[in-house]
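Engineer: First the structure, then my questions, so here it is.
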Amino acid sequence: MRTAAGQDFLEFCAATSDVSKVIECFIDAIGVFGFTASAGGAWAGAGGSRSYRFYFNDWPKDWFESYMAKGYMEIDPMILEARRRMTPFLWTEMGDARTFTVEGAAVIAAGKAYGWGEVMGIPIHGPSSYQGLVSVAALKPVTMNAVERAMIRSMALAVHDKAYEAVGFGFSNRSPILLTPREADCMRWVAAGKTDAEIAIILGIASATVHYHIENVKKKAGTRSRSEAVALLVLAGTV
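With positions in the sequence shown counted from 1, the corresponding number in my numbering is that position plus 87.
Here it is as structure tokens:
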């Protein structure tokens, strides 16, 4: 029943362009696995300069408001673990996690006090320091076999990719970086590792012109380096 629900979701996701409907279907499908809440988002950068893009969140309102008010997002072991892991993991498997700090333990304790029985994190890693996480949670313990865990991972990747590819979808803590067509062309090649001279040859313009456009993008993004600008553009889905 669980794998069938997962397969139905994947087929719906592949056939549907409406991101909101895909997310609704995802929420329904994970319910068959025993999960009653979920969230998905991504980030780039570090510390105070970190930028976020939230795709969806249906955590209970009281829990989410408390979580944000107490600054748990910066110390949550689930998020910290997602940065260093490639495969899905469970709350109950994190007893020896390297990121399980004293502060992080407070987040787990608060979650248990609220009543969460299990949380599963599905890390997502992309180009230019792009890091994402889809998490699903339940108020009761959840058991899954290897096939079911793999299905949840496939579902999470599918809903993430659908939301990510919809440029402008979701909520970000940064204003959109609006590029001219030429700036976008230049930054796509910067993201591919090309130099000003190489981009100039590809686009048929002067190297100085390429440099000018890239510097404009850095100003718009408020970054000091090209790599930082690319990371923000990748997060936004514009390059």
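No residue lacks a Cβ here, since even glycine has one placed at the ideal position from N, Cα and C.
#1: Evaluate contact between the segment 259 to 271 and the segment 114 to 124, counting only Cβ atoms and requiring at least three cross-stretch pairs below 8 Å.
#2: In terms of residues, what are the limits of the alpha helix (DSSP H) holding PRO210?
#3: Which class does SER125 belong to by DSSP, given the choice of helix, strand or coil?
#4: Alpha helix (DSSP H) containing PHE99: first to last residue?
#5: Tell me which residue opens and which closes the alpha helix (DSSP H) that ALA293 is part of.
#6: Can you tell me whether DSSP reads TYR377 as helix, strand or coil?
#7: I'd like to know if GLY213 contacts chain C, where contact means its C-beta is closer than 7 Å to some C-beta of that chain.
#8: Can you tell which of ALA193, MET165, GLY208 and LEU265 has its C-alpha closest to the C-alpha of GLY324?
#9: Taking just the CA atoms, how far does ASN144 sit from GLY93?
#10: How far does the beta strand (DSSP E) with ARG140 in it extend, from its first residue to its last?
#11: Short check: CB of ILE166 to CB of GLY191, under 7 Å?
#12: Can you give me the C-alpha to C-alpha distance between CYS112 and GLY291, rounded to a whole angstrom?
#13: With 16 as the cutoff for other CB atoms within 10 Å, does PRO228 come out buried or exposed?
#14: Tell me where the alpha helix (DSSP H) around ILE114 begins and ends.
#15: Consult DSSP for PHE258 and reduce its assignment to one of helix, strand or coil.
#16: Under three-state DSSP, which class holds SER312?
#17: I'd like the list of long-range same chain contacts for TYR142, defined as Cβ closer than 6 Å, with 5 residues on each side in sequence excluded.
#18: Leaving aside the five residues before and after GLY204 along the sequence, list all residues of the same chain whose C-beta is less than 6 Å from its C-beta, in chain order.
#19: Can you list, in chain order, the residues of its chain whose CB lies under 7 Å from that of PRO210, leaving out five sequence neighbours each side?
#20: Our contact map puts MET207 next to VAL194 with C-beta atoms below 8 Å; I'd like the distance itself, whole angstroms only.
#21: For ALA278, which residues in the same chain have their Cβ closer than 8 Å to its Cβ, ignoring the five residues on either side in sequence?
#22: In chain order, what residues of the same chain have a beta carbon less than 7 Å from the beta carbon of LYS108, not counting five sequence neighbours either side?
Structural biologist: Considering the structure as presented:
#1: Contact fails: fewer than three Cβ-Cβ distances are below 8 Å.
#2: Run containing PRO210: none in the alpha helix (DSSP H); it sits in the beta strand (DSSP E), 205 to 212.
#3: strand
#4: 89 to 102
#5: ALA293 -> no alpha helix (DSSP H), and no H or E assigned at all.
#6: In the structure as shown, the chain starts at 88 and stops at 326, and residue 377 therefore has no counterpart that could be examined.
#7: Of the protein chains in the structure, only one exists, and it is not chain C.
#8: For the options ALA193, MET165, GLY208 and LEU265, the alpha carbon positioned closest to that of GLY324 is the one of LEU265.
#9: Between GLY93 and ASN144, the C-alpha separation is close to 19 Å.
#10: 138 to 144
#11: no
#12: 46 Å
#13: exposed
#14: 106 to 119
#15: strand
#16: coil
#17: These residues qualify, in order along the chain: GLY127, GLY128, ALA250 and GLY257.
#18: ALA225, LEU226, LYS227 and PRO228
#19: ALA169, ARG172, MET173 and LEU220
#20: 16 Å between Cβ atoms; not a contact.
#21: PRO214, SER215, VAL317, LEU320, VAL321 and VAL326
#22: none
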